[in-house]
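According to the UniProt record's numbering, the residues represented by the sequence shown are 1 to 146, in order.
Even glycine gets a Cβ: it sits at the ideal position worked out from N, Cα and C.
In this text, all values refer to a predicted model and were calculated from it rather than measured experimentally.
For reference, the structure is listed below as structure tokens.
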Amino acid sequence: MITSLLGKKLGMTQVYDANNVLVPVTVVEAGPCSVVQVKTTERDGYNAVQLGFATKKDKNASLAELNHAKKAGLDSAPRVLSEVRLDSAPEAKPGDTVTVEIFSEGQFVDVFGTSKGKGFQGVMKRFRVGGGPASHGSMFHRRIGS
């Protein structure tokens, strides 16, 4: 049974809980994901399902990506591909759609993400240091200081 789903962070907001306390929440667009490939123990040595999320324009996809998606019966190549390992043989077939219906209300989930890379940064951006004085003979404007 598939217990994983791909998604995209849309932003943050806040809601009131049952005790009337304001709680910050993350808004995630979870699925729908399409099953692109099914791997079984007999053929591949392990059980897994390859999920695809979002779509990519055909001109931006390689020929290998387009043919891989076409083999699964998809119209266009997915933007994100991820493989989910399974304990038992998967019931899903290529071309099936997985939605948030696999989760129940109130169920705890593990979320993994990739941060936006900002490269090699100075202390003002990296540590939110206020910086030094801008004038009057100051030798450090954006450098670290004690």
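What does a CB cutoff of less than 8 Å around residue i pick up in its chain, not counting 5 residues either side in sequence?
i: residue 96; result: 34 and 35
i: residue 86; result: 1, 2, 47, 48 and 49
Return the chain-ordered list of same chain residues with a C-beta closer than 6 Å to the C-beta of residue i, the five sequence neighbours on each side being excluded.
i: residue 66; result: 77
i: residue 142; result: 122, 124 and 131
Check residue i in the structure and name its three-state DSSP category.
i: residue 124; result: helix
i: residue 152; result: Only positions 1 to 146 of the chain appear in the structure, and residue 152 is not among them; the question remains open.
i: residue 59; result: helix
i: residue 91; result: coil
i: residue 64; result: helix
i: residue 30; result: strand
Quick test of your reading: residue i and residue j, contact by CB under 8 Å. State the CB separation rounded to the nearest angstrom.
i: residue 29; j: residue 51; result: Actually they are not in contact, since the Cβ atoms of residue 29 and residue 51 sit about 14 Å apart, beyond 8 Å.
i: residue 114; j: residue 31; result: With 8 Å as the limit, residue 114 and residue 31 do not qualify as a contact, their Cβ atoms being about 18 Å apart.
i: residue 80; j: residue 54; result: 6 Å
Please report the distance separating the alpha-carbon of residue i from that of residue j.
i: residue 41; j: residue 89; result: 8 Å
i: residue 23; j: residue 17; result: 7 Å
i: residue 147; j: residue 19; result: Given a span of 1 to 146 for the chain in the structure shown, any question on residue 147 remains unanswerable.
i: residue 63; j: residue 37; result: 17 Å
i: residue 92; j: residue 119; result: 40 Å
i: residue 8; j: residue 135; result: 44 Å
i: residue 84; j: residue 145; result: 47 Å
Span of the alpha helix (DSSP H) holding residue i?
i: residue 41; result: 41 to 44
Ends of the beta strand (DSSP E) at residue i?
i: residue 12; result: 7 to 16
Output needed for residue i: all residues of its chain with C-beta closer than 7 Å, excluding positions within five of it in sequence on either side, in chain order.
i: residue 58; result: 66 and 76
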